[in-house]
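Remarks on the structure that follows.
Numbering (my numbering), first residue to last: 317 to 620.
Below, the structure is given as structure tokens:
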């Protein structure tokens with residue numbers, strides 16, 4: 317059991333400037349961290365920015381920008397917003413940092429050595445907007461479940477044996493009712509897992525942006541696989557003893573990234589590594605005004 321009270325928040329994607337939706341996790345995490353400090357806890361509060369993936373490269377190119385310069389600028393804006401909101405974070409991680417690349421490649425190596433990663437061929441649909449793979453039966457009227465356009469992908473990739481963790485995940489979530497909150501989100505996660513977990517592609521052909529797969533630099537690690545690793549790269553894993561920071565007390569995420577990533581992928585990765593799962597993953601809904609989602613053009617400072 318760690319001596320730190322670790323509070324985690326989903327890190328925003330830097331393909332666009334900050335808006336209320338991208339800082340809601342951070343604000344919730346900040347409130348939690350402040351409350352725990354008031355109770356005398358030694359808190360480690362994590363925030364950061366998600367900067368890899370094809371979507372970032374295409375966003376930079378659409379503006380005639382170099383991807384490195386592009387993410388540096390947007391990440392800087394997030395830091396400014398966090399400071400203006402007086403976010404009391406203890407660790408800020410960027411997924412383009414060398415320490416994060418090291419952690420991601422080490423996770424890949426360890427899971428591969430344990431037999432959880434194998435080479436295969438992926439054929440299916442890919443939503444660049446959310447950086448998510450979909451099978452034909454996942455699509456709704458030819459689009460992703462979120463209504464985004466998809467493109468056909470056929471390529472050799474590395475796969476994570478997600479199917480091997482279906483039973484352990486079900487058993488864990490059923491035995492720990494407080495692991496996923498609130499209850500309706502827990503039920504959604506259980507329903508998703510009971511439909512059957514498929515092995516997932518965790519690499520893409522290298523577009524010149526991303527973290528290279530160890531021993532196969534023609535491929536980069538899938539952005540969602542490397543993104544969740546920020547929760548341990550932020551405190552220096554594997555060069556820092558994880559036991560001081562784990563398990564995380566609370567992990568704040570949006571409902572849209574719960575079932576596929578924070579209720580399944582990340583816990584499965586931790587199980588594969590033999591690391592403890594967070595005590596609670598709390599998923600929030602959308603910020604509504606008059607029954608509609610607030611516009612992405614709204615600055616967090618304006619709304620708050």
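Ideal Cβ positions, reconstructed from N, Cα and C, are used throughout, including at glycine. Computed from a predicted structure; not experimentally measured.
(request) Report all residues from its chain with a CB closer than 7 Å to the CB of residue 436; omit the five preceding and five following residues, and keep chain order. (result) Around residue 436: 473, 475.
>> Whether or not the stretch 536-553 and the stretch 504-522 are in contact is what I'm after, with contact meaning three or more pairs of Cβ atoms, one per stretch, closer than 8 Å; do they touch?
In response: The stretch 504-522 vs the stretch 536-553: in contact.
Practice item. For my contact list, residue 330 and residue 387 are in at a C-beta cut-off of 8 Å; report their separation, rounded to the angstrom. Key: Rounded, the Cβ-Cβ distance is 5 Å, consistent with contact.
Review point. How would you call residue 334, buried or exposed, if buried means at least 16 neighbouring beta carbons within 10 angstroms?
Key: The residue in question, residue 334, is buried, as its Cβ has 16 or more Cβ neighbours within 10 Å.
- prompt: Just curious, the alpha helix (DSSP H) that residue 384 is in, first and last residue?
  reply: DSSP places residue 384 inside the alpha helix (DSSP H), whose first and last residues are 383-400.
> Under 8 Å, do residue 322 and residue 351 count as touching if we go by C-beta distance?
Replying inline: Taking C-beta atoms as the reference points, residue 322 and residue 351 fail to come closer than 8 Å.
Does the separation of the CB atoms of residue 297 and residue 478 fall below 8 Å? Limits of the chain in this structure are 317 at one end and 620 at the other, which puts residue 297 out of reach.
Q: Select from 551, 553, 595 the residue whose C-alpha is nearest the C-alpha of residue 566.
A: Taking only the C-alpha atoms, the option nearest residue 566 is 595.
Can the beta-carbon of residue 327 be found less than 8 Å from the beta-carbon of residue 421?
-> In this structure, residue 327 keeps its C-beta atom at 8 Å or more from the C-beta atom of residue 421.
Self-check item: Beta-carbon contacts of residue 564 that lie in its chain and below 6 Å, excluding the five residues immediately before and after
Solution: Within the same chain, Cβ atoms closer than 6 Å to the Cβ of residue 564 are found at 322, 324, 594, the five residues on either side in sequence being excluded.
Q. Hey, how far is the Cα of residue 444 from the Cα of residue 467?
A. Between residue 444 and residue 467, the C-alpha separation is close to 8 Å.
- Query: Given that a residue counts as buried once 16 or more other Cβ atoms are within 10 Å of its Cβ, and exposed if not, what is residue 434?
  - Reply: Exposed, by the Cβ-count rule.
- prompt: Would you say residue 439 and residue 470 are within 8 Å of each other, going by their C-beta atoms?
  reply: Contact: yes.
Specify the secondary structure class of residue 326 as computed by DSSP and reduced to three states. Of the three classes helix, strand and coil, the one that applies to residue 326 here is coil, per DSSP.
Q: Counting only the same chain and skipping the five closest in sequence on each side, list residues whose C-beta sits under 7 Å from that of residue 403.
A: Excluding the 5 residues flanking it on each side, residue 403 has same chain C-beta neighbours closer than 7 Å at 342, 346, 363, in chain order.
query = Hey, how far is the Cα of residue 365 from the Cα of residue 372?
reply = Straight-line Cα distance between these residues: approximately 12 Å.
Sorted by chain position, which residues of the same chain lie with C-beta nearer than 8 Å to residue 451's C-beta, five sequence neighbours on each side aside?
The beta carbon of residue 451 sits closer than 8 Å to those of 440, 441, 514, all from its chain and outside the five residues before and after it, given in chain order.
Considering Cα atoms alone, identify which of 531, 401, 557 is closest to residue 336.
Answer by Cα proximity: 401.
Thinking just about the alpha-carbon of each residue, which of 383, 377, 358 is nearest to the one in residue 368? For the residues 383, 377, 358, the minimum Cα distance to residue 368 belongs to 383.
field: Reduced DSSP secondary structure (H/G/I, E/B, other) of residue 335
entry: For residue 335, the three-state secondary structure derived from DSSP is coil.
- prompt: What runs of the alpha helix (DSSP H), each 4 residues or longer, lie entirely inside the stretch 485-530?
  reply: Runs of the alpha helix (DSSP H) lying entirely within the stretch 485-530 and spanning at least 4 residues, in chain order: 499-510.
Helix, strand or coil at residue 471 according to DSSP, with G and I counted as helix: Reduced to three states, the DSSP call for residue 471 is strand.
Are the CB atoms of residue 561 and residue 320 within a distance shorter than 8 Å?
The answer is yes: Cβ separation under 8 Å.
Open item on the list: Is the separation between the beta-carbon of residue 502 and that of residue 489 shorter than 8 Å?
Closed with: Inclusion of residue 502 and residue 489 in the CB contact set at 8 Å is warranted, their separation being smaller than that value.
Open item on the list: Let me check one thing: in DSSP terms, what residues is residue 421 bridge-paired to?
Closed with: DSSP, once it has assigned bridges, lists no residue as partnering residue 421.
Euclidean distance between Cα positions of residue 454 and residue 574 | Their backbone Cα atoms lie some 17 Å apart in a straight line.
ask   = When you compare only the Cα positions, how much space is there between residue 424 and residue 529?
value = Looking at the two C-alpha atoms, the distance is approximately 8 Å.
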